[in-house]
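Comments concern the structure below.
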Amino acid sequence: MQLRMIFVIFLVFLTGCASQYYDNATVKENWQRELLQKQSWQVKGKLAIIQPEKRQSANLFWATTQEKDVLNLTSFVGTSVLSLEKTQTHATLELDGETHVGKNAQQLVYWLTGMNLPFLDDPNWLKGLPNTQTFLADELNRVGNATLIDSQGKQWQITYSNYQKHGGYWLPYSISLTHDTVKLKLKVYTWQI
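In the numbering used here, the protein residues as written are 639 to 831.
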């Protein structure tokens, strides 16, 4: 009898170790729908651009409101690399003390810096909600991998490798985008939603 009791306790212990526990108490039930509707939010983090011929990195600040998106990239010492403001009608880029205006933010940044930043057209991908039907999600319905077509028609693979709960939402903290030999890595430090 005692051996049977030890065996049962052992099985219960083993079952507990094998089960994954997800604390969803602090995540809103319809978190994706609510998050998609959020028009104002901010992100601070680090962006790395990896190409065969060079590697670049910058501190990133991104703020989105209903009226505009603002992207600031600064060096590790705080020097401005570029400052971009995008509205529905145009994009304004400040670079090396000069102001440049164009209709497409991604093209403007690429023409002036050589940096291909495909995420400028739709900021929802940053919240883990890419505007695509091609994605793989985990058991909590968080996007793990997705395909993004940018305004240039290029196909990018997005990988979300780290989500954390923040303000009732699952938000990505580690994201990479890959197209051919170009890789962008984004490490998010803080979210404000």
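Glycine included, every Cβ here is placed at the ideal spot set by N, Cα and C.
Query: Give the DSSP-derived three-state secondary structure of Gln704 in the structure shown.; Result: coil
Query: Quick check on Phe757: does DSSP put it in helix, strand or coil?; Result: helix
Query: Do Trp763 and Ile787 have their CB atoms nearer than 8 Å?; Result: no
Query: Can you find at least 3 beta carbon pairs, one from the region 673-683 and one from the region 699-719, that sit closer than 8 Å?; Result: yes
Query: Less than 8 Å between the beta carbons of Tyr827 and Pro810, yes or no?; Result: no
Query: What are the start and end residues of the beta strand (DSSP E) that includes Glu691?; Result: Per DSSP, Glu691 belongs to no beta strand (DSSP E) and is neither H nor E.
Query: Quick one, which of Ser713, Gly752 and Asp734 has its alpha-carbon nearest Asn697's?; Result: Ser713
Query: Apart from the five residues on each side of it in sequence, which residues of its chain come closer than 7 Å, Cβ to Cβ, to Thr770?; Result: Ala784, Thr785 and Leu786
Query: Given this structure, state the Cα-to-Cα distance separating Lys741 from Thr751, to the nearest angstrom.; Result: 16 Å
Query: I need the boundaries of the alpha helix (DSSP H) containing Glu672, first residue and last residue.; Result: Trp669 to Gln675
Query: State the Cα-Cα distance for the pair Lys821 and Glu667, rounded to the nearest angstrom.; Result: 34 Å
Query: Quick check on Val739: buried or exposed, where buried means 16 or more other Cβ atoms within 10 Å of its Cβ?; Result: exposed
Query: Quick one: complete beta strand (DSSP E) runs, 3+ long, within the region 719-780?; Result: 729-733, 736-740 and 773-775
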